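Q: Protein chains in written order, with our numbering: chain V, 68 to 448; chain Z, 68 to 448. For glycine and all other residues, C-beta sits at the position ideal for the given N, C-alpha and C. If you're wondering where the values come from, they're calculated on a predicted model, not measured in any experiment. Okay, handing you the structure first.
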């Protein structure tokens with residue numbers, strides 16, 4: 068099979084196409100499948116974008132981004148985590164997707180492998196496939212909070228493995244790698260002779276815990292972040308990565324060649340993302356996400372979905388639906404047809420126990436979530 | 068060597084860093100190394116971007132771009148070339164870089180090879196390297212207008228070769244693959260059992276000839292285009308690709324996974340790129356580029372640079388400087404130090420006769436070009 072053929076489609080895309088068709092026929096559809104905040108980008112960021120356009124900031128920037136933005140991101144680590152990060156280690160990218168591609172490009176060769184959690188964000192293993200890197204999908208359960216841990220590294224690491232990747236908070240499970248577990252993970256990967264890539268793109272969207280960054284535990288991790296989720300800048304396609312000192316040059320070189328540069332206007336707009344008035348808007352949104360989650364969890368439990376681990380971040384709940392169906396993909400299709408609610412079946416996140424799990428995204432208002440839950444209750448009774 | 072290590076740096080980047088240092092010391096530097104129009108994006112496009120921001124168009128689009136933009140691009144082929152293109156075949160991308168990566172991802176596997184011209188745009192072979200694809204660099208001379216032709220395909224095609232790539236107009240040579248030569252090339256590649264990728268990112272920047280698109284000769288070519296050059300939208304990071312019908316699905320699937328979507332605001336802005344008032348501005352710029360080229364060519368000849376083929380497109384002149392130096396990289400460094408003129412040495416475009424060639428970009432005004440030529444004349448006499 069060619070590399071393109073090994074990349075499975077997102078099944079939720081078929082659901083989405085069907086949802087759109089139903090909507091065009093006048094049906095009311097509630098979208099709980101979308102991994103994108105429902106809020107538009109905060110006004111101060113939008114205004115900074117308009118300002119940049121008025122000033123005709125339309126030329127290329129350096130491949131690793133505007134110096135000012137790299138500095139502001141470094142300052143952000145100082146303010147938020149009391150952590151000094153050299154701005155030279157901050158690489159601005161066209162979204163976290165580009166950052167991950169850069170990390171894998173400099174850490175692996177064709178035929179190497181990486182360790183990933185199953186369930187996990189499917190694009191990660193597919194980016195690996197495009198780069199001719201094998202993804203070893205490690206089945207994870209509630210026991211490890213659906214995260215890779217040091218024991219997994221010891222058990223699954225192969226001779227050709229170069230890196231392991233964790234996401235904290237995670238998509239689809241919303242769980243976090245706790246600080247001690249992250250320390251152990253970093254050590255285990257170092258002992259194995261590889262690198263740890265930590266996806267922190269949902270940083271800021273954390274509800275019960277004090278946050279930390281993996282950067283505070285080691286200078287040798289690759290930390291991927293994004294302006295899409297907490298900062299609400301999805302369509303702007305902007306992210307960043309903090310790389311170990313010794314990888315600055317190779318990441319720059321690959322970025323020059325495969326991306327040229329991240330979008331200029333997005334970069335100028337993002338300079339406003341860390342300002343105080345923006346922060347206030349974003350913090351109000353965090354409160355709303357938390358309210359949605361707190362509404363959703365008990366209702367799902369009451370309906371018979373098993374919430375095996377309470378999600379502490381992102382905007383997802385990943386539940387065991389085995390009491391309701393053992394074919395979550397078909398169930399999701401039927402739910403859409405009969406009640407007009409779109410959710411993401413487990414199969415989009417891997418294969419391990421995928422047919423008995425489903426993901427709900429709380430990227431809709433509590434009112435809409437309530438309507439959706441009424442429909443689901445009616446559907447399953 | 069790991070894949071990242073096989074990617075050479077752009078030597079011109081070292082020159083640029085030195086140029087910036089000299090500028091910071093107060094020296095006057097004339098930049099003839101920059102592959103980016105000196106004009107800012109045309110006002111109607113900028114205004115459309117501002118309008119999109121005011122309307123808070125900040126969410127993701129589909130992976131292959133806004134339906135409206137794909138339609139407008141298809142219409143563009145109808146208006147400009149009297150050619151019907153199904154908008155489903157138009158894939159909007161984060162610049163031509165992303166388009167090329169998609170084309171190679173669906174056409175090759177690790178260990179395959181592609182044919183490229185040497186000299187040629189260096190990123191193309193480096194994108195191949197990142198995807199674990201070997202680039203077979205075919206030495207090309209003035210005899211074939213520095214382009215691959217059917218004879219090259221027959222001679223250099225290997226059992227593992229999957230595609231050949233040409234750029235028309237080309238970077239660094241500004242030459243064009245003429246219609247009959249393109250037909251022969253398409254046939255030769257088909258006979259070899261592979262695919263032809265045609266880079267048309269300098270389309271519109273053509274000075275003496277009537278233009279055509281490779282799409283008018285075959286539905287089986289992959290045609291890459293960009294909003295960066297003719298449309299002057301470099302920093303917006305937006306391009307497109309027209310793919311054969313049978314590749315629509317696989318390109319979509321890879322795009323979803325490795326890029327998610329191209330930048331939203333750039334896409335809304337680009338809707339204005341094909342409007343009449345924009346077209347008038349862009350056509351005036353084409354006239355200015357032509358004036359610059361027509362000034363530059365005879366002056367370079369007089370100074371002893373051999374213009375082996377008159378460039379008919381893009382904004383580059385690639386000259387044989389063997390009468391002046393047999394080490395164009397060192398020569399470029401010395402020219403920068405002594406006279407403050409930055410040019411790109413041949414070595415950035417390949418290895419074939421690279422040390423006796425140099426590229427001048429005419430992305431500066433005629434007045435600035437005149438000042439640069441005075442300095443160069445003084446330097447070489």
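Under 6 Å Cβ to Cβ from residue 144(V), same chain only, skipping five residues before and after it: list those, please.
A: Here the set comprises 150, 152.
Q: Counting along the chain, where does the alpha helix (DSSP H) carrying residue 96(V) start and finish?
A: Neither: residue 96(V) is in no alpha helix (DSSP H) and is coded neither H nor E.
Q: Any residues in the stretch 294-319 of chain Z with a beta carbon nearer than 9 Å to a beta carbon of chain V? Which ones, in chain order?
A: Within the stretch 294-319 of chain Z, the qualifying residues are 295, 299, 300, 301, 302, 303, 304, 305, 314, 316, 317, 318, 319.
Q: Could you say if the stretch 85-94 of chain V and the stretch 293-309 of chain V meet the contact criterion of at least three C-beta pairs nearer than 8 Å?
A: Because the criterion of three Cβ pairs below 8 Å is not met, the stretch 85-94 of chain V and the stretch 293-309 of chain V do not touch.
Q: Any idea what DSSP makes of residue 201(V), helix, strand or coil?
A: In the structure shown, residue 201(V) sits in a strand (DSSP, three-state: E or B).
Q: Once the 5 residues before and after residue 228(Z) are set aside, which same chain residues still bring their CB inside 8 Å of it?
A: Same-chain partners within the cutoff: 179, 180, 181, 182, 203, 259, 261.
Q: Identify which residue in 110(V), 292(V), 411(V), 197(V) has its Cα closest to the Cα of residue 309(V).
A: Of the candidates 110(V), 292(V), 411(V), 197(V), the one whose C-alpha sits nearest the C-alpha of residue 309(V) is 292(V).
Q: Taking residue 412(Z) as the reference, give the member of 264(Z), 397(Z), 267(Z) with the closest Cα.
A: Looking at the Cα atoms, 397(Z) is the closest of the given residues.
Q: Closer than 8 Å by C-beta to residue 185(V): which residues in its own chain qualify, once you throw out the five before and the five after it? Chain order, please.
A: 204, 205, 206, 207, 416, 417, 418, 419.
Q: Distance check for residue 134(Z) and residue 124(Z), CA to CA, integer angstroms please.
A: Answer to the nearest angstrom: the Cα atoms are 14 Å apart.
Q: Measuring only the C-alpha atoms, how far is residue 105(Z) from residue 76(Z)?
A: Taking the straight line from one Cα to the other gives about 24 Å.
Q: Is the CB of residue 126(V) under 9 Å away from at least one CB in chain Z?
A: Yes, residue 126(V) lies at the interface with chain Z (some Cβ there is under 9 Å from its Cβ).
Q: What residues in the stretch 93-117 of chain Z have a beta carbon less than 7 Å from any beta carbon of chain V?
A: Result list: 103, 107, 108, 113, 116, 117.
Q: Contact criterion: CB-CB distance below 9 Å. Does residue 409(Z) meet it with respect to chain V?
A: No, because no Cβ of chain V sits closer than 9 Å to the Cβ of residue 409(Z).
Q: For a quick check, are the C-beta atoms of residue 266(V) and residue 235(V) less than 9 Å apart?
A: Yes, Cβ-Cβ distance for residue 266(V) and residue 235(V) is below 9 Å.
Q: Please classify residue 430(V) as buried or exposed, where buried requires at least 16 neighbouring CB atoms within 10 angstroms.
A: When all chains shown are included, residue 430(V) counts as buried.
Q: Considering only C-alpha positions, which residue in the set 166(V), 341(V), 201(V) is nearest to residue 323(V)?
A: Comparing Cα positions, the closest option is 166(V).
Q: Can you grab the Cα-Cα spacing for the pair residue 360(V) / residue 410(V), in whole Å?
A: If I take the Cα positions, the gap works out to 15 Å.
Q: Could you give the C-beta distance for residue 171(V) and residue 198(V), rounded to a whole number, given that I count them as a contact under 8 Å?
A: Contact flag correct, Cβ pair sits at about 5 Å.
Q: Would you mind telling me which residues of chain V sit closer than 7 Å to residue 333(Z), beta carbon to beta carbon, in chain order?
A: Simply 330.
Q: Tell me whether the beta-carbon of residue 379(V) lies closer than 9 Å to the beta-carbon of residue 160(V).
A: No, these two residues do not count as a Cβ contact at 9 Å.
Q: Within its chain, find whatever has a CB closer than 8 Å to the CB of residue 319(V); leave out the 5 residues flanking it on each side and keep chain order.
A: The answer, listed in chain order, is 130, 131, 158.
Q: Name, in chain order, the residues that DSSP records as bridge partners for residue 449(V).
A: The structure shown does not extend to residue 449(V), since chain V is modelled only from 68 to 448, so the question has no answer here.
Q: Along the chain, where does the alpha helix (DSSP H) containing residue 249(V) start, and where does it finish?
A: Note, residue 249(V): alpha helix (DSSP H), 246-259.
Q: May I ask which residues mark the beginning and end of the alpha helix (DSSP H) holding residue 398(V)?
A: Unbroken alpha helix (DSSP H) run through residue 398(V): 395-406.
Q: Using a Cβ-Cβ cut-off of 6 Å (strictly less than) and excluding sequence neighbours within five positions of residue 219(Z), which residues of its own chain qualify?
A: If we look at residue 219(Z) and ignore the five residues flanking it on each side, its Cβ neighbours are 205.
Q: In the DSSP assignment, find the alpha helix (DSSP H) that holds residue 173(Z) and state where it starts and stops.
A: First-last of the alpha helix (DSSP H) with residue 173(Z): 162-174.
Q: For the stretch 424-442 of chain Z against the stretch 110-125 of chain Z, are there 3 or more C-beta pairs whose distance is under 8 Å?
A: They do not touch, by the three-pair rule.
Q: Just confirm the distance between the C-beta atoms of residue 230(V) and residue 174(V), as a whole number of angstroms; I'd bet it's less than 8 Å.
A: Rounded, the Cβ-Cβ distance is 5 Å, consistent with contact.
Q: Kindly indicate the opening and closing residues of the alpha helix (DSSP H) around residue 229(Z).
A: No alpha helix (DSSP H) holds residue 229(Z); the beta strand (DSSP E) holding it covers 228-234.
Q: I believe residue 154(V) touches residue 330(Z) by the beta-carbon criterion, under 8 Å. Please report the beta-carbon distance rounded to the nearest angstrom.
A: Actually they do not touch by this definition, with Cβ atoms about 24 Å apart.
Q: Within the same chain, show all residues whose beta-carbon is closer than 8 Å to that of residue 126(V), passing over the 5 residues directly before and after it, in chain order.
A: Only 331 meet the Cβ criterion.
Q: Which residues in chain Z have a C-beta closer than 7 Å to the C-beta of residue 164(V)? List them in chain order.
A: Within chain Z, the residues near residue 164(V) are 325, 326, 327.
Q: Taking C-beta to C-beta, are residue 385(V) and residue 351(V) nearer than 9 Å?
A: Contact flag unset, no.
Q: What does DSSP give as the partner residue(s) for residue 380(Z) in the beta ladder?
A: 273(Z), per the DSSP bridge assignment.
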